[in-house]
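**Q** Structure in structure tokens, see below.
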RNA sequence: GGAGGGGUGCCAGAGCGGUUAAUCGGGGCAGACUGUAAAUCUGCUGCCUUCGGGCUACGUAGGUUCGAAUCCUACUCCCUCCA
């Protein structure tokens, strides 16, 4: 039986840790926390790494605390940001916290015997503290010199930084102190950009209550092409099924680059070292099978959306990338394209000679303009029911519809749009 | 408060008063090749078009001119330096 520290190490998610972290994690059951930013109503795939870190903690018998930044969210963390951030309203943040709470409960067991996960909102203690108390009790323990030396501050000296954001690290240090006192929480984890904030907390605990605390950070994720992880052409990939459908979520992982598939399996799944090694062998032997990507996508989709949604996503994948669309029944279409953007059309639109495809495609939003639609057709990038259309002035007629009810429009390889024909 | 520089398409950044819907690059989109990968190559990338054209664009508003992103004036925003 290993320990948490070794586990994180072989998974490649251990970027740095403070002195003594390994010993304390090996010899004791500890309480540790990670903060989550409530600037959106849903977490996205970028939050998966910190979430998994908490999951590993709980698996090894430690107690994980997820701290929602309801208080600090009102200020905005400058770490890793090049510009001052807009402030969100209190109501908005409260709403976001509700959404995030729900998502976290899919990963962490809040009922576990012995080491149930804990969820707190730092507004609970930050909202009520007075400016004078804060300056006296906390501010006194930090020199401005110390704060200026932090990377998060230094990198902003050129662009400028408000006094508000400058104080962020003190608030986070105060969080750590509070959790230390309330829960005996001795470990704070986070992305490597959090290092400065974390060590501030450790220092504060040492100075104020002579306590020993630890910090551990994970590497910052980037795709091999240097892109920010978790963004696709169509935007951020969210954990909320209403913001990113399970099908798109599944597809996001399925499209993982070969180079990243194995690291991602280590980061985001609970597969064992041996299991992942065998997958790595398979990937090296026959990469075209994309076994690693399939396992990765299945594992993560199941964890986030559940078995049922995973099955549906796989079915949709098989239908869209395997069979001919015209073999599908109207019912299949509805299932497969449940998550696809769709537009309703009245059948009265369809006159004798049909409707100009370029117009249709523009009106349903698949293409931004008719000119762009015509260009796309010329380039061979537009398909109706998976058949390429080559005529710029192609007119669509009702006999081509599936069961007289649907047209499946496709742009490029993966972008679908469903047209639903409504009877008179 | 004083002095100077600048605001161009998604971004970055060119642009002798006319052939500039605006160079080059990045990004994006599509095609080919593939494995729904990577790399590579090709094309497209303001709007409308009955394919002849038409329209709208270079911070905002005026002006000079046959003609302006390019010249002038005012306004506005940004940046740098001095105080």
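Numbering (this note's numbering), first residue to last: 110 to 533.
Note that the Cβ used here is the ideal one computed from N, Cα and C, for glycine as well.
1. Would you kindly report the start and end of the unbroken alpha helix (DSSP H) that includes residue 395?
2. Between 181, 212, 292, which lies nearest to residue 237 when the distance is taken from Cα to Cα?
3. Determine the DSSP secondary structure at residue 380, reduced to helix, strand or coil.
4. Going by alpha carbons, who is nearest to residue 483 out of 228, 467, 498, 531?
5. Looking at C-alpha atoms only, which residue of 130, 162, 139, 431 is the closest neighbour of residue 122?
6. Taking DSSP's pairing of strands, which residues face residue 294 in a bridge?
7. Count the C-beta pairs between the region 500 to 516 and the region 419 to 431 that are closer than 8 Å, then say yes if the count reaches three, no if not.
8. What are the boundary residues of the beta strand (DSSP E) that residue 519 is part of?
9. Could you say which of 149, 299, 451, 330 lies nearest to residue 205 if we only look at CA atoms?
10. Just reading off the alpha helix (DSSP H) that residue 441 is part of, what are its end residues?
11. At what residues does the alpha helix (DSSP H) containing residue 114 begin and finish?
12. Look up residue 145 in the DSSP assignment and give the residues it is bridged to.
13. For the beta strand (DSSP E) containing residue 451, name the first residue and the last one.
14. Which one or two residues does DSSP pair with residue 324 in a beta bridge?
15. On the three-state DSSP scale, how would you describe residue 497?
16. Near residue 532, which residues of its chain fall below 8 Å by C-beta distance, leaving aside the five closest residues on each side in sequence?
17. Between 202, 350, 152, which has its C-alpha nearest residue 415's C-alpha?
18. Return the CA-CA distance between residue 515 and residue 449, expressed in angstroms with no decimal places.
19. In whole angstroms, what is the alpha-carbon distance linking residue 479 and residue 522?
20. Between which two residues does the alpha helix (DSSP H) carrying residue 359 extend?
21. Which residue marks the beginning of the alpha helix (DSSP H) containing residue 229, and which one marks its end?
22. Quick one: what's got a C-beta closer than 6 Å to residue 316's C-beta in the same chain, skipping five residues either side?
23. On a Cα-Cα basis, can you pick out the residue from 321, 496, 419, 528 that is closest to residue 290?
**A** Reading from the atomic positions:
1. DSSP places residue 395 outside any alpha helix (DSSP H), giving it a letter other than H or E.
2. Out of 181, 212, 292, 181 has the C-alpha closest to the C-alpha of residue 237.
3. Taken through DSSP and simplified to helix, strand or coil, residue 380 comes out as coil.
4. Nearest Cα to residue 483 within the set 228, 467, 498, 531: 467.
5. Ranking 130, 162, 139, 431 by Cα distance to residue 122 puts 162 first.
6. According to the DSSP secondary-structure assignment, residue 294 is paired through a beta bridge with 140.
7. No, they do not touch.
8. 515 to 520 is the span of the beta strand (DSSP E), which, as asked, contains residue 519.
9. Answer by Cα proximity: 149.
10. For residue 441, the enclosing alpha helix (DSSP H) begins and ends at 439 to 445.
11. 113 to 119 is the span of the alpha helix (DSSP H), which, as asked, contains residue 114.
12. BP columns for residue 145 point to 177.
13. Here the beta strand (DSSP E) through residue 451 covers 451 to 455.
14. Note: residue 324 sits in a beta bridge opposite 297.
15. In this structure, DSSP gives residue 497 an extended state, which the three-state scheme calls strand.
16. Sequence-distant partners of residue 532 (beyond 5 residues in either direction) whose C-beta falls short of 8 Å from its own C-beta, in its chain, are 456.
17. For residue 415, the nearest C-alpha among the options comes from 350.
18. Roughly 13 Å separates the two Cα atoms.
19. Taking the Cα positions, residue 479 is about 20 Å away from residue 522.
20. Counting along the chain, the alpha helix (DSSP H) containing residue 359 begins and ends at 355 to 363.
21. DSSP places residue 229 outside any alpha helix (DSSP H); the residue lies instead in the beta strand (DSSP E), whose first and last residues are 227 to 230.
22. 250.
23. Proximity to residue 290 across 321, 496, 419, 528 peaks at 321, based on C-alpha coordinates.
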